[in-house]
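A.B. asks: Line by line, the protein sequences are chains H and W.
Heads up, the first sequence is in our numbering, so the first residue is 1 and it goes up one at a time.
Heads up, the second sequence is in our numbering, so the first residue is 1001 and it goes up one at a time.
Think of the CB as a built atom: it goes at the ideal place given N, C-alpha and C, for glycine as much as any other residue.
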Amino acid sequence: MEQQKVDMFIMTNGANLPEQKVPFVREKLLSMDDSKWGALSAIQFKNPTTALLLSIFLGCYGVDRFYIGNTGMGVGKLLTCGGCGIWAIIDWFLISDAVKEENYKKLQAYLV
Amino acid sequence: MSNKLNILSAITYVAVCIWLLGVNEGQTPITVCPSKLIYHIPCAGCGTTRATLLLLKGQFFDAISLNPNCILALMFICLYPIIGVYSLLSKQSYITDCYNFLSRALENKYVLVFVLICEIMIWIHNIIYHI
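So this is what it looks like as structure tokens:
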């Protein structure tokens, strides 16, 4: 894939991916052919800032976990009201990394 | 991930048992629900402790009418030690298998919608009856 396209992808989506995986993603994209560009640009990544805001204000209802696709944990948080608030507070610190990991998992399907 | 899950679930189980014993002995309702404390709205889980204690005393219908989630709580209280001990004896992580099974079940949209509808109904019930 063209370096310009790869750099544009990384600039647009780099913040949505785990920092330590960005160089690997860049290498993989450079080795891919241009035919996958359309599918790659259509990927909808979840925003870590949105997830953090949902976690802070609605975390006790599990909305943050539902947002990133962790339905099991979302239901668990809903049933326990964020683990009586404890789980909700812990997720304030974990949710950004969790979002980035989920985004990376989504991208991996295209990198293989 | 398996070890982390086992440790977290064990800590959760011990915390739930201590909580139930503490609330039962204390005889006074303690509000720990963040939704009630911050937004003054009860959540879908409000009343589960009281309902579970009623269920353990044999008052089934009173427990269900307070919060049907007590059945899930009781299943967790009864089944977790059995699965945990069996996992230890057979040196296999059945806790992780159960967790993965439940996660996969909830990924099915029909199961998820059913569970969410039930929880929303319980939530509405809690709001109307100020549980």
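1. Give a yes or no on whether 8 angstroms exceeds the smallest Cβ distance from Ser1035 of chain W to chain H.
2. Beta-carbon of Gly1022 of chain W versus every beta-carbon of chain H: anything under 8 angstroms?
3. With the cut-off set at 8 angstroms, would you say Ala98 of chain H and Ile68 of chain H are in Cβ contact?
4. What residue range is occupied by the uninterrupted alpha helix (DSSP H) comprising His1130 of chain W?
5. Since Leu1055 of chain W contacts Leu1079 of chain W with CB under 8 angstroms, what's their CB separation in whole angstroms?
6. DSSP three-state call for Ile89 of chain H: helix, strand or coil?
7. Taking the straight line between their C-alpha atoms, what separation do you get for Gly14 of chain H and Val25 of chain H?
8. Answer yes or no: does any C-beta atom of chain H fall closer than 8 angstroms to that of Asn1069 of chain W?
9. Give the C-beta separation of Leu1106 of chain W and Thr71 of chain H to the nearest angstrom, bearing in mind that I take them to be a contact with Cβ-Cβ under 8 angstroms.
10. Using C-beta distances below 8 angstroms, list every residue in its chain close to Ala51 of chain H, excluding the 5 sequence neighbours before and after it, in chain order.
11. In whole angstroms, what separates the C-alpha of Ile90 of chain H from that of Lys1057 of chain W?
12. Going by C-alpha distance, which of H:Ser35, H:Thr12 and H:Met11 is nearest Leu111 of chain H?
13. Cutting at 8 angstroms between CB atoms, please list the residues of its own chain near Thr1052 of chain W, excluding the five before and the five after it.
14. For Thr80 of chain H, count the other beta carbons within 10 Å of its own beta carbon; 16 or more makes it buried, fewer makes it exposed. Which is it?
15. At a Cβ threshold of 8 angstroms, is Val1014 of chain W touching chain A?
C.D. replies: This is what the structure gives:
1. Counting from one through the second sequence, the residue named residue 1035 of chain W turns up at place 35. With 8 angstroms as the cut-off, Ser1035 of chain W counts as an interface residue toward chain H.
2. The residue given as residue 1022 of chain W occupies position 22 in the second sequence. Not an interface residue.
3. By one-based count along the first sequence, residue 98 of chain H stands at place 98. By one-based count along the first sequence, residue 68 of chain H stands at place 68. For Ala98 of chain H and Ile68 of chain H, yes; Cβs fall inside 8 angstroms.
4. The residue labelled residue 1130 of chain W in the question sits at position 130 within the second sequence. Where His1130 of chain W is concerned, there is no enclosing alpha helix (DSSP H), given that its DSSP letter is neither H nor E.
5. Sequence index remark: in the second sequence, residue 1055 of chain W carries index 55 (1-based). Sequence index remark: in the second sequence, residue 1079 of chain W carries index 79 (1-based). In fact, because the Cβ distance is near 15 angstroms, the residues do not count as touching under 8 angstroms.
6. The residue given as residue 89 of chain H occupies position 89 in the first sequence. Residue state, collapsed to three classes: helix.
7. The residue given as residue 14 of chain H occupies position 14 in the first sequence. The residue given as residue 25 of chain H occupies position 25 in the first sequence. Approximately 9 angstroms between the Cα atoms of the pair.
8. As a position in the second sequence, residue 1069 of chain W is number 69, starting the count at 1. Interface residue, yes.
9. Position 106 of the second sequence holds residue 1106 of chain W. Position 71 of the first sequence holds residue 71 of chain H. Sure, about 5 angstroms apart at Cβ, within 8 angstroms.
10. To locate residue 51 of chain H, count along the first sequence from 1; it is residue 51. The residues are Asp64, Tyr67, Ile68, Ile95, Ser96, Ala98 and Val99.
11. Here residue 90 of chain H corresponds to residue number 90 of the first sequence, with the count starting at 1. Here residue 1057 of chain W corresponds to residue number 57 of the second sequence, with the count starting at 1. Spanning the two alpha carbons is a distance of roughly 34 angstroms.
12. The count along the first sequence starts at 1 and reaches residue 111 of chain H at position 111. The shortest Cα separation from Leu111 of chain H among H:Ser35, H:Thr12 and H:Met11 belongs to H:Ser35.
13. For this step, residue 1052 of chain W is matched to residue 52 along the second sequence. Excluding positions up to five away in sequence, the list reads Leu1020, Ala1063, Cys1070, Ala1073, Leu1074 and Ile1077.
14. Here residue 80 of chain H corresponds to residue number 80 of the first sequence, with the count starting at 1. So Thr80 of chain H ends up on the buried side.
15. Of the protein chains in this structure, namely H and W, none is chain A.
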